[in-house]
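S.K.: Note that the working numbering gives residue 178 to position 178 of the sequence shown, counting from 1, and the numbers run on in steps of one. No residue lacks a Cβ here, since even glycine has one placed at the ideal position from N, Cα and C.
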Amino acid sequence: MSTAAAPVAVGGAPLTPAEVLAVARHGARVTLTEETRKAVRHGRERVETLARGEVPAYGVSTGFGALATRHIAPDLRARLQRSLIRSHAAGTGPEVEREVVRALMLLRLRTLASGNTGVEVATVETLAALLNAGITPLVYEYGSLGCSGDLAPLSHVALALMGEGEVRDAGGALVSASAALRAAGIAPVELGAKEGLALINGTDGMLGMLALACMDLDRLLKVADITAAMSVEALLGTDRVFAEDLQRMRPHPGQAASAANLRALLADSPIVASHRGPDCNRVQDAYSLRCAPQVAGAARDTLSHALTVAERELDSVIDNPVVLDDGRVESNGNFHGAPVAYVLDFLAIAVADVASIAERRTDRMLDVSRSHGLPAFLADDPGVDSGHMIAQYTQAAVVSELKRLAVPASVDSIPSSAMQEDHVSMGWSAARKLRRAVDGLTAVLAVELLTAARALDLRSPLEPGPATGAVVRTLREHVPGPGPDRYLAPEIALVQGLIADGSVLDSAASVTPLH
Numbered sequence: 001m002s003t004a005a006a007p008v009a010v011g012g013a014p015l016t017p018a019e020v021l022a023v024a025r026h027g028a029r030v031t032l033t034e035e036t037r038k039a040v041r042h043g044r045e046r047v048e049t050l051a052r053g054e055v056p057a058y059g060v061s062t063g064f065g066a067l068a069t070r071h072i073a074p075d076l077r078a079r080l081q082r083s084l085i086r087s088h089a090a091g092t093g094p095e096v097e098r099e100v101v102r103a104l105m106l107l108r109l110r111t112l113a114s115g116n117t118g119v120e121v122a123t124v125e126t127l128a129a130l131l132n133a134g135i136t137p138l139v140y141e142y143g144s145l146g147c148s149g150d151l152a153p154l155s156h157v158a159l160a161l162m163g164e165g166e167v168r169d170a171g172g173a174l175v176s177a178s179a180a181l182r183a184a185g186i187a188p189v190e191l192g193a194k195e196g197l198a199l200i201n202g203t204d205g206m207l208g209m210l211a212l213a214c215m216d217l218d219r220l221l222k223v224a225d226i227t228a229a230m231s232v233e234a235l236l237g238t239d240r241v242f243a244e245d246l247q248r249m250r251p252h253p254g255q256a257a258s259a260a261n262l263r264a265l266l267a268d269s270p271i272v273a274s275h276r277g278p279d280c281n282r283v284q285d286a287y288s289l290r291c292a293p294q295v296a297g298a299a300r301d302t303l304s305h306a307l308t309v310a311e312r313e314l315d316s317v318i319d320n321p322v323v324l325d326d327g328r329v330e331s332n333g334n335f336h337g338a339p340v341a342y343v344l345d346f347l348a349i350a351v352a353d354v355a356s357i358a359e360r361r362t363d364r365m366l367d368v369s370r371s372h373g374l375p376a377f378l379a380d381d382p383g384v385d386s387g388h389m390i391a392q393y394t395q396a397a398v399v400s401e402l403k404r405l406a407v408p409a410s411v412d413s414i415p416s417s418a419m420q421e422d423h424v425s426m427g428w429s430a431a432r433k434l435r436r437a438v439d440g441l442t443a444v445l446a447v448e449l450l451t452a453a454r455a456l457d458l459r460s461p462l463e464p465g466p467a468t469g470a471v472v473r474t475l476r477e478h479v480p481g482p483g484p485d486r487y488l489a490p491e492i493a494l495v496q497g498l499i500a501d502g503s504v505l506d507s508a509a510s511v512t513p514l515h
């Protein structure tokens with residue numbers, strides 16, 4: 001795991017989505033300040049006072065959920081915490097991605113480091129040590145209802161802190177938690193009163209996935225402007241509809257940013273200039289070209305709202321009960337995932353629509369009745385060659401899946417814990433489907449990029465604009481231009497990689513800044 005990224009300080013200032021990405025995806029180390037340790041010790045002292053008292057305190061000297069009415073004797077409380085973690089580590093399904101688990105661990109660490117959860121300093125330090133050692137507990141797809149925290153996923157992490165269960169080591173090998181901790185020189189934690197509860201009562205998994213998706217979509221929506229501009233050129237569309245004065249008549253910030261990108265990307269395009277004169281008999285372009293900034297702009301504004309929610313959540317302390325600064329320990333409902341779940345679902349809707357309009361542009365480039373002079377399916381020898389016919393089928397299949405993934409998870413609720421937890425958010429499920437949607441949008445944009453670049457090459461001797469031309473040149477360093485049919489799947493995968501690693505965006509941005 002790379003340690004090139006700058007260390008991220010946990011405790012004090014809120015984390016940013018970029019810091020979540022740095023730790024989760026790029027292996028940045030985490031650090032704890034002495035001020036953080038002081039706050040944690042202060043919170044722990046309050047919990048220990050309650051544990052010694054006669055008055056029952058939820059999660060400290062009682063059971064959990066529907067079993068909260070039982071008072072637990074002092075000699076059983078350590079067993080209570082261990083039993084909580086073991087019984088709640090009940091996930092199933094496919095293994096969750098490493099970056100998601102690391103994001104979840106980081107965000108739980110951030111709440112623990114606040115001092116408002118009442119855990120031991122050693123517990124906070126051990127969780128940080130796991131992150132820095134690249135040890136990733138096995139977490140599974142199913143087990144969270146998005147309320148009372150991401151209980152099962154966080155319990156699998158807590159289990160590893162106890163030296164139980166299975167983990168992936170820094171090299172990705174599957175090993176026992178006890179062996180991984182021993183090899184890294186990390187002692188397992190011995191959970192005290194309330195600590196098991198504090199380790200699992202947070203919305204960290206769904207929030208981590210939201211932060212990662214926001215960072216990815218910020219890049220993908222810029223790429224969507226790039227592929228749209230390339231398609232406008234390839235289809236001999238006009239750039240007049242993207243004029244700033246027209247966009248000001250409907251002053252959505254996302255639309256303005258997308259239209260500004262399209263203007264910049266199409267600036268000085270010989271292809272656009274070639275049909276701008278009075279001889280052009282085109283009255284107006286199809287919606288998929290003309291309305292590109294309206295659709296991408298709405299997605300941008302949805303992303304902006306989602307980022308606002310993510311930033312608020314990254315400044316939140318999610319636990320139940322919480323230790324307040326005045327020493328009170330109070331139950332609350334802040335673990336409910338509704339705020340996060342809603343925006344996860346909103347983003348899935350926006351992703352599906354951005355992908356849908358991109359697929360429509362691709363289809364136009366392949367249809368001789370709508371492509372304005374391009375060969376059928378952009379084939380080298382139509383009839384003998386199929387060109388990009390089936391690449392568009394692939395797009396259509398992905399878009400169809402994205403529409404299913406856009407069905408909101410947050411409208412569902414299945415009561416649990418003997419009706420104590422009678423309304424849940426399903427935010428974890430919303431986050432899981434958004435991750436698949438982000439991958440799907442990347443694939444759809446990759447196909448549009450490949451198709452538009454091929455179409456632009458076929459417009460020769462006319463040249464694309466400087467910015468879109470730079471994108472085509474970057475692509476041609478990896479993928480050959482038009483010619484007889486060849487194996488397309490590796491090319492689609494390669495372009496997905498160029499989108500994901502920022503190469504496509506960087507090539508356009510080297511010519512013109514993008515918003």
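Taking its Cβ as the centre, do 16 or more other Cβ atoms sit within 10 Å of Val167, making it buried, or is it exposed?
M.R.: The residue is buried, with at least 16 neighbouring Cβ atoms inside 10 Å.
S.K.: Would you call the stretch 362-382 and the stretch 222-237 in contact, with 3 or more CB pairs under 8 Å?
M.R.: Counting Cβ pairs under 8 Å, three or more are found: they touch.
S.K.: Helix, strand or coil: how does DSSP classify Ser417 here?
M.R.: Looking at Ser417 - three-state DSSP - the assignment turns out to be coil, as it is neither helix nor strand.
S.K.: Do the stretch 237-257 and the stretch 289-301 touch if we need at least three Cβ pairs shorter than 8 Å?
M.R.: These segments touch.
S.K.: Contact between the stretch 235-252 and the stretch 332-350 is defined here as three or more beta-carbon pairs at a separation below 8 Å; is this criterion met?
M.R.: At 8 Å Cβ cutoff, the stretches do not touch.
S.K.: Between the beta-carbon of Asn535 and the beta-carbon of Asn201, is there less than 8 Å?
M.R.: The chain is shown from 1 up to 515; residue 535 falls before or after that span and cannot be answered.
S.K.: Leaving out the 5 sequence neighbours to the left and right, which residues in its chain are closer than 7 Å to Asp516 when beta-carbon positions are compared?
M.R.: Nothing can be reported for residue 516, as the shown portion of the chain is limited to 1 through 515.
S.K.: Going straight from the alpha carbon of Arg70 to that of Pro56, what length do you get?
M.R.: Taking the straight line joining both Cα atoms gives about 9 Å.
S.K.: Assuming contact is defined by CB atoms lying nearer than 8 Å, are Leu527 and Pro480 in contact in what I supplied?
M.R.: Only positions 1 to 515 of the chain appear in this structure, which leaves residue 527 out of reach.
S.K.: Could you check if Gly171 is buried or exposed, using at least 16 other CB atoms within 10 Å of its CB as the buried criterion?
M.R.: When all chains shown are included, Gly171 counts as exposed.
S.K.: Ends of the alpha helix (DSSP H) at Tyr287?
M.R.: Run containing Tyr287: 287-290, per the alpha helix (DSSP H) assignment.
S.K.: Compute the Euclidean distance between the alpha carbons of Gly165 and Gly93, then round it to the nearest angstrom.
M.R.: Gly165 and Gly93: Cα-Cα distance of roughly 16 Å.
S.K.: Taking the beta strand (DSSP E) that Tyr393 belongs to, which residues open and close that run?
M.R.: Per DSSP, Tyr393 belongs to no beta strand (DSSP E); it is in the alpha helix (DSSP H), 389-405.
S.K.: Give the range of the beta strand (DSSP E) segment to which Val167 is assigned.
M.R.: From DSSP, the beta strand (DSSP E) with Val167 extends over 166-168.
S.K.: Put Thr442 into one of helix, strand or coil per three-state DSSP.
M.R.: Three-state DSSP puts Thr442 in a helix.
S.K.: Ser274: which of Leu212, Pro461, Gly149, Ala128 sits nearest, CA to CA?
M.R.: With distances taken between Cα atoms, Ser274 lies closest to Pro461.
S.K.: Identify, in the order they occur along the chain, each residue of the same chain with its Cβ nearer than 7 Å to the Cβ of Arg435, setting aside the five sequence neighbours on each side.
M.R.: Answer for Arg435: Met209, Ala213, listed in chain order.
S.K.: For His478, is the classification buried or exposed, using 16 other Cβ atoms within 10 angstroms of its Cβ as the cut-off for buried?
M.R.: Flag for His478 reads exposed.
S.K.: Mark Gly43 as exposed unless 16 or more other C-beta atoms lie within 10 angstroms of its C-beta, in which case mark it buried.
M.R.: Classification of Gly43: buried, given that the 10 Å Cβ count is 16 or more.
S.K.: Judging by CA-CA distance, which residue of Ser507, Ala180, Gly205, Ala243 is the nearest neighbour of Arg432?
M.R.: Ranking the options by Cα distance to Arg432, first place goes to Gly205.
S.K.: Between Ala358 and the rest of its own chain, which residues show a CB-CB distance below 7 Å, the 5 nearest in sequence each way excluded?
M.R.: Contacts found: Ala224, Thr227, Val444, Leu445, Glu448.
S.K.: Quick check on the burial criterion: 16 or more other C-beta atoms within 10 angstroms. Buried or exposed for His577?
M.R.: Here the chain has residues from 1 to 515 only, and residue 577 is not among them.
S.K.: Hey, could you find the ends of the alpha helix (DSSP H) Leu50 is sitting in?
M.R.: Run containing Leu50: 34-52, per the alpha helix (DSSP H) assignment.
S.K.: If you reduce the DSSP assignment to three classes, tell me which class Ile385 lands in.
M.R.: Reading off the sequence shown, one finds Asp at residue 385, where the question assumed Ile. Strand at Asp385.
S.K.: Taking C-alpha atoms, which residue in Ala22, Arg110, Val340 lies nearest to Ala39?
M.R.: Looking at the Cα atoms, Arg110 is the closest of the given residues.
S.K.: Taking the alpha-carbon of Leu84 as reference, which of Ala198, Leu107, Val175 has the nearest alpha-carbon?
M.R.: Of the listed residues, the one whose Cα sits closest to Leu84 is Ala198.
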